[in-house]
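Everything below concerns the one structure shown next.
2 protein chains.
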Amino acid sequence: MDKEKFDAFNNMNPVDIAEILDETDDEQAVRAFRLLSNDLSADVFSYISPEKQKLLVEELTATEITDIMEELSADDMADFIEDVPDDVAQRVLDSISMEKGTTVDRLLDYPEDSAGSVMTTEIVELTADMTVKDALNTIRTSGVDKETIYTCYVVDAERRLMGAVTADTLVQADLHEKINNLTETNIISAHTTDDREEVALQFSKYDLIAMPVINRGGQLAGIVTVDDILRVIVEEDTEDFEIMGGMRPSDEPYLKTGVFQHVKNRIVWLTLMMLTAIITATIISTFEELLYVIPTLYAFIPMLMGAGGNAGAQSATVVIRGMALGDIAIKDVAKVVWRETRIALVCCLALGLVNFFRVFFTHGRDYTLALVITLSLCATLLVAKTIGCMLPLFAKKIGVDPAVMSAPLITTIVDCTALIFYFSIARLVLGL
Amino acid sequence: MDKEKFDAFNNMNPVDIAEILDETDDEQAVRAFRLLSNDLSADVFSYISPEKQKLLVEELTATEITDIMEELSADDMADFIEDVPDDVAQRVLDSISMEKGTTVDRLLDYPEDSAGSVMTTEIVELTADMTVKDALNTIRTSGVDKETIYTCYVVDAERRLMGAVTADTLVQADLHEKINNLTETNIISAHTTDDREEVALQFSKYDLIAMPVINRGGQLAGIVTVDDILRVIVEEDTEDFEIMGGMRPSDEPYLKTGVFQHVKNRIVWLTLMMLTAIITATIISTFEELLYVIPTLYAFIPMLMGAGGNAGAQSATVVIRGMALGDIAIKDVAKVVWRETRIALVCCLALGLVNFFRVFFTHGRDYTLALVITLSLCATLLVAKTIGCMLPLFAKKIGVDPAVMSAPLITTIVDCTALIFYFSIARLVLGL
Numbered sequence: 160m161d162k163e164k165f166d167a168f169n170n171m172n173p174v175d176i177a178e179i180l181d182e183t184d185d186e187q188a189v190r191a192f193r194l195l196s197n198d199l200s201a202d203v204f205s206y207i208s209p210e211k212q213k214l215l216v217e218e219l220t221a222t223e224i225t226d227i228m229e230e231l232s233a234d235d236m237a238d239f240i241e242d243v244p245d246d247v248a249q250r251v252l253d254s255i256s257m258e259k260g261t262t263v264d265r266l267l268d269y270p271e272d273s274a275g276s277v278m279t280t281e282i283v284e285l286t287a288d289m290t291v292k293d294a295l296n297t298i299r300t301s302g303v304d305k306e307t308i309y310t311c312y313v314v315d316a317e318r319r320l321m322g323a324v325t326a327d328t329l330v331q332a333d334l335h336e337k338i339n340n341l342t343e344t345n346i347i348s349a350h351t352t353d354d355r356e357e358v359a360l361q362f363s364k365y366d367l368i369a370m371p372v373i374n375r376g377g378q379l380a381g382i383v384t385v386d387d388i389l390r391v392i393v394e395e396d397t398e399d400f401e402i403m404g405g406m407r408p409s410d411e412p413y414l415k416t417g418v419f420q421h422v423k424n425r426i427v428w429l430t431l432m433m434l435t436a437i438i439t440a441t442i443i444s445t446f447e448e449l450l451y452v453i454p455t456l457y458a459f460i461p462m463l464m465g466a467g468g469n470a471g472a473q474s475a476t477v478v479i480r481g482m483a484l485g486d487i488a489i490k491d492v493a494k495v496v497w498r499e500t501r502i503a504l505v506c507c508l509a510l511g512l513v514n515f516f517r518v519f520f521t522h523g524r525d526y527t528l529a530l531v532i533t534l535s536l537c538a539t540l541l542v543a544k545t546i547g548c549m550l551p552l553f554a555k556k557i558g559v560d561p562a563v564m565s566a567p568l569i570t571t572i573v574d575c576t577a578l579i580f581y582f583s584i585a586r587l588v589l590g591l
Numbered sequence: 160m161d162k163e164k165f166d167a168f169n170n171m172n173p174v175d176i177a178e179i180l181d182e183t184d185d186e187q188a189v190r191a192f193r194l195l196s197n198d199l200s201a202d203v204f205s206y207i208s209p210e211k212q213k214l215l216v217e218e219l220t221a222t223e224i225t226d227i228m229e230e231l232s233a234d235d236m237a238d239f240i241e242d243v244p245d246d247v248a249q250r251v252l253d254s255i256s257m258e259k260g261t262t263v264d265r266l267l268d269y270p271e272d273s274a275g276s277v278m279t280t281e282i283v284e285l286t287a288d289m290t291v292k293d294a295l296n297t298i299r300t301s302g303v304d305k306e307t308i309y310t311c312y313v314v315d316a317e318r319r320l321m322g323a324v325t326a327d328t329l330v331q332a333d334l335h336e337k338i339n340n341l342t343e344t345n346i347i348s349a350h351t352t353d354d355r356e357e358v359a360l361q362f363s364k365y366d367l368i369a370m371p372v373i374n375r376g377g378q379l380a381g382i383v384t385v386d387d388i389l390r391v392i393v394e395e396d397t398e399d400f401e402i403m404g405g406m407r408p409s410d411e412p413y414l415k416t417g418v419f420q421h422v423k424n425r426i427v428w429l430t431l432m433m434l435t436a437i438i439t440a441t442i443i444s445t446f447e448e449l450l451y452v453i454p455t456l457y458a459f460i461p462m463l464m465g466a467g468g469n470a471g472a473q474s475a476t477v478v479i480r481g482m483a484l485g486d487i488a489i490k491d492v493a494k495v496v497w498r499e500t501r502i503a504l505v506c507c508l509a510l511g512l513v514n515f516f517r518v519f520f521t522h523g524r525d526y527t528l529a530l531v532i533t534l535s536l537c538a539t540l541l542v543a544k545t546i547g548c549m550l551p552l553f554a555k556k557i558g559v560d561p562a563v564m565s566a567p568l569i570t571t572i573v574d575c576t577a578l579i580f581y582f583s584i585a586r587l588v589l590g591l
């Protein structure tokens with residue numbers, strides 16, 4: 160790499176540099192990484208893929224690793240250590256100070272998807288008896304990362320959270336003012352073990368840019384910042400999309416996932432759904448004699464199952480999303496079912512009418528057939544909408560991800576009930 | 160409200176106060192709102208529902224309205240004016256200064272879902288020749304809202320963006336240092352007309368907390384902050400969930416939406432899907448003679464259609480989400496189709512084997528029947544996966560929301576092709 164290219168490289172955004180290195184072959188990538196200026200290399204390292212991180216730890220000297228790790232924040236280091244093999248992790252842990260190692264260990268101990276696992280521990284702590292001048296000095300000498308100094312937290316002698324002071328308050332205040340008088344005490348905080356999705360909901364509800372996190376002992380353990388929450392929301396939504404699309408969720412971008420990994424993510428649901436279709440096949444076989452008499456009945460099976468599937472998917476989707484947004488809670492079950500029932504009744508009226516006349520005029524003005532199909536359609540819609548809204552709530556209640564209870568599963572259940580209703584109604588009305 | 164309650168009320172978070180007022184009856188709500196301290200009322204107003212905002216504008220005196228509106232930021236005011244009837248909007252616009260009115264007008268002119276429509280115009284602008292002391296004074300006297308001062312932007316005499324200085328750089332620098340020397344010039348910016356989803360992608364890619372927005376003349380028009388982006392992401396994802404669930408997207412929370420509004424959001428797709436089922440019914444009727452000979456063929460229709468629907472939904476979901484995350488672009492179409500084809504082939508192999516033996520052993524060891532079903536299943540999976548991944552890309556290409564091309568639509572297309580394959584293969588193999 161010549162001088163000009165090198166300068167251009169060092170002036171790029173670390174995220175872009177990491178992206179380029181990820182796509183460069185190993186030897187070149189290590190060489191290019193070594194050319195990065197000191198203040199860039201830790202930043203670039205934190206954005207690089209786990210495979211390339213592993214490679215760098217193996218190829219760089221112990222001193223080089225120590226230099227990077229000292230710059231890397233404890234939470235970035237914990238993220239990286241989770242993703243690499245044990246020997247690489249050990250090599251890194253050996254290179255850092257004992258204090259930092261303890262912090263990283265503690266971060267790794269927090270349950271996955273907890274507030275503790277997304278928080279950063281590099282924060283500025285002030286005490287109530289400081290003056291503004293002391294506080295500004297503390298910030299100046301702390302050297303902590305940019306986004307985390309916007310709000311400074313005030314703690315007591317036992318490091319219990321007293322309140323918060325924003326950077327603009329400090330800038331605007333008299334230098335001799337006591338921090339005590341500037342502290343906002345009415346602040347929203349989380350516990351280290353809180354679910355990160357719940358924390359994310361608080362951020363969007365209250366327009367927060369940072370939230371302090373308290374440990375079991377009531378002490379300030381760290382803060383979660385809004386940019387981390389952004390990533391949490393994107394990840395959680397992607398997970399829901401994938402589960403609702405009938406797949407095992409995956410963190411990897413589509414084009415970077417191998418064919419067999421894609422198959423692994425999808426095959427379980429596909430097989431399951433294929434095998435549950437044995438039930439619908441059995442139901443159809445059971446009523447076979449009915450179909451010998453009126454073969455036309457067959458032609459409407461796809462329509463009924465389709466309408467049921469769609470109606471159920473709609474209800475499941477609004478309820479799953481409503482729960483994810485905090486609009487719907489388990490205790491709202493009665494309200495939700497009652498609303499969905501009324502929605503289903505109105506849909507029945509509208510779709511039923513359209514369907515009745517459609518069948519009537521396209522099937523030799525046979526009003527008993529039109530009636531059978533329409534009644535079956537209405538029964539299917541009612542079942543689909545009530546099951547569709549209840550299953551996600553039930554899943555949440557028993558501690559399963561509500562997204563699991565979406566289209567594929569509900570379709571199967573609705574398919575079966577739709578068929579049973581259809582054939583029973585046909586038998587009854589047609590007197591077979 | 161007695162004194163104690165009043166104090167408790169005034170000490171609450173404005174978001175919570177707004178929530179309470181939304182659920183209070185009108186007369187009480189206006190009375191309670193009047194009791195709020197001056198610095199709280201604008202904040203609470205910005206979080207209250209449009210209906211209650213309208214009520215307040217109608218019930219409060221002109222002076223009271225002016226007081227609130229002077230405190231309200233221009234972007235919050237634009238949001239509110241978009242949601243209320245014209246006469247209410249006029250009453251508000253009459254109460255504010257001409258300058259603020261012009262800013263609000265300009266914000267309202269930006270296309271919906273553009274960067275301009277989510278940005279805030281209240282920013283601190285510095286010039287390169289200022290000293291740190293001048294800069295801190297400018298911040299101090301600007302009185303702008305908290306989250307927007309973390310990054311200050313440096314502009315030239317024509318208000319063109321030169322770069323940015325962060326608050327912590329200012330705090331840590333010598334008071335006599337020139338801003339010029341502290342300015343980071345390599346910054347990521349957006350244009351007022353950029354799609355807000357694209358801007359959101361940049362925020363999560365580069366871990367940004369604010370991004371400057373440039374107007375057509377190349378001048379700094381405002382900034383987008385990460386808390387606004389958080390809301391954008393939540394809204395866009397919700398929209399995608401609803402569209403993919405076969406519904407018209409809606410901004411309102413589930414329980415606050417009336418039954419008829421819910422029906423309106425859902426009935427179009429339901430009717431459309433019901434009517435397209437005429438096609439599947441026609442296909443089944445066309446091949447009726449086949450089913451007279453081997454009625455067992457009927458029993459597998461739900462399984463084939465189900466497998467096709469699920470497989471197609473999986474492919475559509477990963478592609479739609481991949482595009483939303485910026486992992487997949489239109490130009491990747493060949494790569495995506497090739498990957499999905501290979502995934503489909505592996506799935507065919509696995510599901511085909513399971514299916515073959517399942518049918519063989521449960522249907523009188525009839526290997527021609529098992530073969531017909533298995534071949535049809537494989538053809539369906541292949542079609543489902545390729546159509547499922549291509550349609551969303553095609554939609555994006557012609558400027559339609561890719562989410563529209565999801566489960567319900569793909570299911571219909573896959574259902575039809577699955578049936579045609581099934582019956583054709585049956586005819587061929589069974590020699591009918």
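Protein sequences, first through last, are from chains F and E.
Just so we're aligned: 543 in this note's numbering is position 384 of the first sequence, and the numbers increase by one with no gaps anywhere.
Just so we're aligned: 430 in this note's numbering is position 271 of the second sequence, and the numbers increase by one with no gaps anywhere.
Ideal placement from N, C-alpha and C gives every residue a C-beta, glycine not left out.
In this text the structure is predicted, and so the values were computed from the model without any measurement.
Beta-carbon neighbours of residue i, restricted to chain F and to distances below 9 Å
| i | result |
| --- | --- |
| E/R480 | D396, T397, F400, E401, G404 and Y413 |
Contact set between residue i and chain F, taken where Cβ atoms lie within less than 7 Å
| i | result |
| --- | --- |
| E/S363 | L389, R390 and V393 |
| E/A585 | By Cβ distance, chain F contributes nothing, its closest Cβ being about 15 Å from E/A585, past 7 Å. |
| E/Q473 | G404, G405, M406 and R425 |
| E/R193 | Result: empty, since nearest Cβ-Cβ is about 22 Å, beyond 7 Å. |
Contact set between residue i and chain E, taken where Cβ atoms lie within less than 9 Å
| i | result |
| --- | --- |
| F/V513 | T430, M433 and L434 |
| F/A538 | Within chain E, no residue comes near F/A538; the closest Cβ sits about 15 Å away, beyond 9 Å. |
| F/I487 | P412, Y413 and L414 |
Proximity of residue i and residue j at Cβ, strictly below 9 Å
| i | j | result |
| --- | --- | --- |
| E/F239 | E/L219 | no |
| E/M432 | F/A440 | no |
| E/P412 | F/G481 | yes |
| E/V391 | E/V358 | yes |
| E/Y451 | F/P454 | yes |
| F/T351 | F/A274 | yes |
| F/K605 | F/M278 | As displayed, chain F neither begins before 160 nor continues past 591, which places residue 605 of chain F out of reach and without an answer. |
| E/M549 | E/V505 | no |
| F/A167 | F/L180 | no |
| E/I368 | F/V385 | yes |
| F/I282 | F/V313 | no |
| F/T280 | F/D234 | yes |
Contacts of residue i in chain E (Cβ-Cβ under 7 Å)
| i | result |
| --- | --- |
| F/E447 | P454 |
| F/M153 | Residue 153 of chain F cannot be examined here, being either before or after the span of chain F that is shown, 160 to 591. |
Supposed close pair residue i, residue j - CB separation, criterion 8 Å
| i | j | result |
| --- | --- | --- |
| E/I402 | E/A554 | Going by Cβ atoms, the distance from E/I402 to E/A554 rounds to 11 Å, so no, they are not a contact pair. |
| E/V598 | E/A577 | Residue 598 of chain E is absent from the structure shown; chain E starts at 160 and stops at 591. |
| F/I572 | F/A475 | So it is not a contact: roughly 11 Å between Cβ atoms. |
Chain-ordered chain E contacts of residue i [CB-CB under 8 Å]
| i | result |
| --- | --- |
| F/F419 | V505 |
| F/R524 | Ordered by position in chain E, no residue passes the 8 Å Cβ test against F/R524, which lies about 17 Å from the chain. |
Closer than 8 Å at the beta carbon, the chain F residues around residue i
| i | result |
| --- | --- |
| E/N172 | N345, I347 and Y365 |
| E/T527 | Those do not exist, as E/T527 stays about 18 Å from chain F at its closest Cβ, beyond 8 Å. |
| E/A440 | A458, F459, P461 and M462 |
Minimum Cβ-Cβ distance from residue i to chain C less than 9 Å
| i | result |
| --- | --- |
| F/G468 | Absent here is chain C; the protein component of the structure consists of chains F and E. |
Name, going along the chain, the residues of the stretch 272 to 292 of chain F whose beta-carbon falls closer than 9 Å to a beta-carbon of chain E. none
Which residues, taken in chain order from the stretch 493 to 511 of chain E, show a beta carbon closer than 8 Å to some beta carbon of chain F? K494, V495, R498, R501, I502, V505, C506, A509 and L510
Going along the stretch 356 to 386 of chain E in order, which residues come within less than 9 Å of chain F, judged by CB to CB distance? A359, F362, S363, K364, Y365, D366, L367, I368, T384, V385 and D386
In the stretch 242 to 272 of chain E, which residues sit with their C-beta less than 7 Å from some C-beta in chain F, listed in chain order? none
Report the residues of the stretch 173 to 207 of chain F with a CB closer than 8 Å to any CB of chain E, ordered along the chain. V174
Contacting positions in the stretch 311 to 333 of chain F - beta carbon closer than 9 Å to chain E: T325, A326, D327, T328, L329, V330 and Q331
Tell me which residues of the stretch 223 to 240 of chain F have at least one Cβ-Cβ distance to chain E shorter than 7 Å, keeping chain order. none
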